[in-house]
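2 protein chains.
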Amino acid sequence: MLIVATGNGKGKTTAAIGQAIRALGHGKRVFFAQFIKCDGYPSGEDGILRNFGDDRLTFIKGGKGFVGILGDKLPFAEHRAAAKKLLAQAEEAARTEHYDLLILDEINVALALKLLTSAEVTAFLDAVPATCDVVFTGRGAAQDIIARADFVTECTEVKHPFHNKIPVAAKKGIEY
Amino acid sequence: MLIVATGNGKGKTTAAIGQAIRALGHGKRVFFAQFIKCDGYPSGEDGILRNFGDDRLTFIKGGKGFVGILGDKLPFAEHRAAAKKLLAQAEEAARTEHYDLLILDEINVALALKLLTSAEVTAFLDAVPATCDVVFTGRGAAQDIIARADFVTECTEVKHPFHNKIPVAAKKGIEY
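Residue numbers (my numbering), protein chains in the order written: chain A, 1 to 176; chain B, 1001 to 1176.
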């Protein structure tokens, strides 16, 4: 089953974390890979997700940070190489049949930014055993991904602190 | 800060679980109350959330199950009494100033079903210290809640397995 969380609203990654916790609570095994995000940007979930131990939960922040914005100076090819490597790790994880749930956080963004090609993502999905569920998150999900998905939720931002004309910095424990 | 997750799509409760994990990871303390939901309907997250210990995370399933549907025979007054009791517990938790995050899962539904009144919920929100964040989840959030909120995300169901004309039972580890 392919589950997609997309849209510009808050709650896609947090829902993926919740999905991982729910699956772990049922005794399932989870592979959780984050595209774009990297170890230099710690999030509240990191420590807890890493504490489950690798047999239950594999958690990899495999990105290289923001792409082309906010002072990013890394060559695009390096961002792409990191995304390709992470997708290959996810595909290997799928092939082992060790995991019940594969979460590819921000993969929709990686695809939209052309860090991955549609063909590469399709090849990954083709490699996933039928017994394994897959979650894709990130705004701007591609139409072919939506067409292939079983569950699609669009998270729409109805209201954000910034829109109240009070720009606020991202809040620790809430947004990361 | 009041954060609301509403809409008919999947991901509201799972995002709340993720939010709790994120906050716990930052060393914060979380009060997590579920309306409607009750212990007779175990979810994957229950065991893990309960394992954090009451000092870090208080987790209460304070509902009495589905209201008026799916064979519910409980008098409405008992559903309402349970919701009022849970809201009172949340208000007490807010007043202790022990918690950094109060999550009231499915409170939007409790309000829509008239298990709680708008005045009761407003009184709760008025009792929350400014240092404490609040998350409300559930479809059909009331307009006055949305007006008061800082963050609002609407999760819209774009695609669901049932809509593919293949009715599927709720899947363990995915939907509960």
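Heads up, the beta-carbon is just placed ideally off N, CA and C, and yes, glycines get one too. Keep in mind that this is a model prediction, so the values were computed, not measured.
Residue contact with chain A for residue 1143 of chain B: absent (no Cβ-Cβ distance below 7 angstroms to any residue of chain A). With 16 or more other Cβ atoms from the protein chains shown falling within 10 Å of its own Cβ, residue 1161 of chain B counts as buried. Annotated three-state conformation of residue 3 of chain A is strand, per DSSP. Ranked by how close their Cα comes to the Cα of residue 1031 of chain B, the residues B/1170, B/1115, B/1152, B/1100 have B/1100 in first place.
One Cα belongs to residue 116 of chain A, the other to residue 78 of chain A, and the distance between them is close to 12 angstroms. In chain order, 176 place their CB closer than 7 angstroms to the CB of residue 170 of chain A, counting only its own chain and leaving out the 5 sequence neighbours on each side. In the same chain as residue 123 of chain A, and ignoring 5 residues on each side of it, the C-beta atoms closer than 8 angstroms to its own belong to 91, in chain order.
Residue 13 of chain A has its alpha-carbon roughly 21 angstroms from the corresponding atom of residue 68 of chain A.
Of all residues in the region 36-49 of chain A, only 43, 44, 45, 46, 47, 48, 49 come within less than 8 angstroms of chain B when Cβ atoms are compared, listed by chain position. Cβ neighbours of residue 82 of chain A within its own chain (closer than 7 angstroms, five residues either side excluded): 62, 63, 64. Under DSSP, residue 61 of chain A shares a beta bridge with A/34. As a beta-bridge residue in DSSP terms, residue 1154 of chain B pairs with A/156, B/1006. Scanning chain A for C-beta atoms nearer than 7 angstroms to the C-beta of residue 1161 of chain B yields 150, 151, reported in chain order.
The C-alpha of residue 42 of chain A is placed about 36 angstroms away from the C-alpha of residue 1111 of chain B. The shortest C-alpha to C-alpha distance from residue 1139 of chain B to any of B/1089, B/1153, B/1018 is the one to B/1153.
Flagged as an interface residue toward chain A: residue 1022 of chain B, by a C-beta distance shorter than 7 angstroms. Annotated three-state conformation of residue 1128 of chain B is coil, per DSSP. Residue state for residue 103 of chain A is assigned as strand, using DSSP reduced to three classes. When only Cα atoms are considered, residue 1133 of chain B and residue 119 of chain A end up about 42 angstroms apart. Excluding sequence positions up to five before and after residue 72 of chain A, its CB lies within less than 7 angstroms of the CB of 65, 66, all in the same chain and listed in chain order.
If you check each beta-carbon in the region 1072-1100 of chain B against every beta-carbon of chain A, the ones closer than 9 angstroms belong to 1100. The continuous alpha helix (DSSP H) containing residue 1076 of chain B extends over residues 1076-1096.
Residue 1134 of chain B is bridged by DSSP to B/1002, B/1102. Taking CB atoms only, residue 1140 of chain B has no neighbour in chain A less than 7 angstroms away. By the 16-neighbour rule on beta-carbons within 10 angstroms, residue 1136 of chain B is buried.
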